[in-house]
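So in UniProt numbering, spot 74 of the sequence shown is number 74, and the numbers just go up one at a time.
Note that CB positions come from ideal geometry on N, CA and C, so glycine has one too.
What follows is a single structure, written as structure tokens, with notes after it.
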Amino acid sequence: MLSAVDKVEAAGEDGQREFRVAELAEAAGITTRTLRFYRERKLLQPPRKEGRIAWYGEAHLARLRMIAELLERGHTLGGIAELIGAGESGRDVAELIGLEAALVAPWSDETAVHLDWDELKAAFGDQLTEENTAESIDQGFITVEEDGITHVSRRLMDSTTALVAEGVPLSAVLEASRRTQEHVTAIAEIFTALVREHVLGALAADNPLPPGEAARLTDRILRIRPLARTVTDAQFALAMDRRVRAEYDELLRQRLEHREND
1 MLSAVDKVEA AGEDGQREFR VAELAEAAGI TTRTLRFYRE RKLLQPPRKE
51 GRIAWYGEAH LARLRMIAEL LERGHTLGGI AELIGAGESG RDVAELIGLE
101 AALVAPWSDE TAVHLDWDEL KAAFGDQLTE ENTAESIDQG FITVEEDGIT
151 HVSRRLMDST TALVAEGVPL SAVLEASRRT QEHVTAIAEI FTALVREHVL
201 GALAADNPLP PGEAARLTDR ILRIRPLART VTDAQFALAM DRRVRAEYDE
251 LLRQRLEHRE ND
């Protein structure tokens with residue numbers, strides 16, 4: 001026996017299947033009460049009326065599935081209503097969702113790592129102090145658990161343990177980390193301002209985006225993201241070249257002065 005989802009109770013003028021309220025709710029995996037709530041919030045298009053019967057089409061089902069996906073991503077109903085309202089004003093909802101995903105997608109690809117207390121003691125010895133632990137927590141790197149800690153980045157954890165193994169005090173590594181965070185935050189602000197002013201300016205305007213503009217902006221964002229990392233990596237490497245050369249020249253100058261004084 002076919003379910004209500006599989007039945008074609010009626011066909012609209014375009015030949016697509018249509019649903020009564022209960023059938024649409026079942027097809028979307030929601031209750032009829034939820035469906036009516038969406039109607040009241042104007043999240044769902046009005047149905048086609050045939051006498052006293054309301055018929056819903058595949059476009060309604062697609063809208064309900066989109067709402068479910070947005071809710072799963074953490075959107076509020078108010079935010080969803082805004083997106084849908086934008087789409088009904090000429091901006092395609094799917095393109096806006098894609099643009100949002102491109103904008104807020106994580107930049108980091110770090111993997112977390114867990115170390116138990118024995119591993120931490122072996123790596124840091126008596127440098128595993130309350131002060132250093134508190135500093136790591138404050139910088140957002142670790143969470144302390146009963147059996148050890150979890151670090152947000154395996155690469156940063158491995159680098160920290162390697163530096164300590166080379167004789168750099170853990171407190172000095174953490175101080176350098178805090179100072180580095182301040183600088184990279186400033187770099188991130190520069191890039192976000194650049195993109196906001198020269199790429200995403202249309203989003204700040206009151207007028208709706210023209211058709212297809214959200215998709216074009218999404219493509220641009222996806223192209224720009226790796227460029228930002230490339231520029232930052234290149235700038236850092238060049239800065240290190242300049243700084244190391246300057247430090248080395250200064251060291252040679254001091255050694256020469258010392259010899260002359262002797």
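Expected contact under 8 Å - CB spacing of residue i and residue j to nearest Å
i, j, result
"G148", "L115", "5 Å"
"A43", "I97", "Correcting the residue identity first, residue 43 is Leu in this sequence and not Ala. Going by Cβ atoms, the distance from L43 to I97 rounds to 15 Å, so no, they are not a contact pair."
"A123", "T180", "A123 to T180, Cβ: 20 Å. No contact."
"A28", "R65", "6 Å"
"residue 263", "I67", "The requested residue 263 does not occur in the structure, where the chain is confined to residues 1 to 262."
"A214", "L99", "5 Å"
Neighbour-count burial assignment, residue i, 16 or more Cβ in a 10 Å radius
i, result
"M157", "buried"
"S89", "Residue confidence for S89 is low, a pLDDT of 49 falling below 50, so the modelled location carries little weight and cannot support an answer."
"F236", "exposed"
"P210", "exposed"
"G78", "exposed"
"Y248", "exposed"
"E95", "buried"
"E250", "exposed"
"I142", "buried"
"E145", "exposed"
"A186", "exposed"
"V217", "Residue 217 is actually Leu in this sequence, not Val. L217 comes out buried."
"A246", "exposed"
"E135", "buried"
"E23", "buried"
Residues that residue i bridges to, as DSSP identifies them
i, result
"F19", "Y56"
"E50", "I53"
"T143", "T150"
"L115", "I149"
Selection from the options that minimises the alpha carbon distance to residue i
i, options, result
"Y56", "T76, I67 and L35", "L35"
"R73", "A81, A101, E82 and E95", "A101"
"A105", "V144, L252, P226 and V231", "P226"
"L163", "R41, Q127, V184 and A228", "Q127"
"E82", "E260, R41 and A239", "R41"
"A107", "T230, Q254, R242 and A239", "The sequence shown places Trp at residue 107, not Ala. Checked all of T230, Q254, R242 and A239; the closest Cα to W107 is T230."
"G167", "A234, G125 and H183", "G125"
Residue i: CB within 7 Å of a non-hydrogen atom of the ligand FMN
i, result
"E189", "For the structure depicted, the ligand FMN is absent and the ligand set is empty, with no information on it obtainable."
Counting Cβ pairs, one atom from each stretch, are 3 or more of them under 8 Å apart for the segment 56-73 and the segment 19-27? yes
For the segment 103-113 against the segment 135-154, do three or more pairs of beta-carbon atoms, one drawn from each stretch, fall closer than 8 Å, so that the two count as touching? yes
Counting pairs of beta carbons, one from the segment 173-181 and one from the segment 215-226, are three or more of them closer than 8 Å? no
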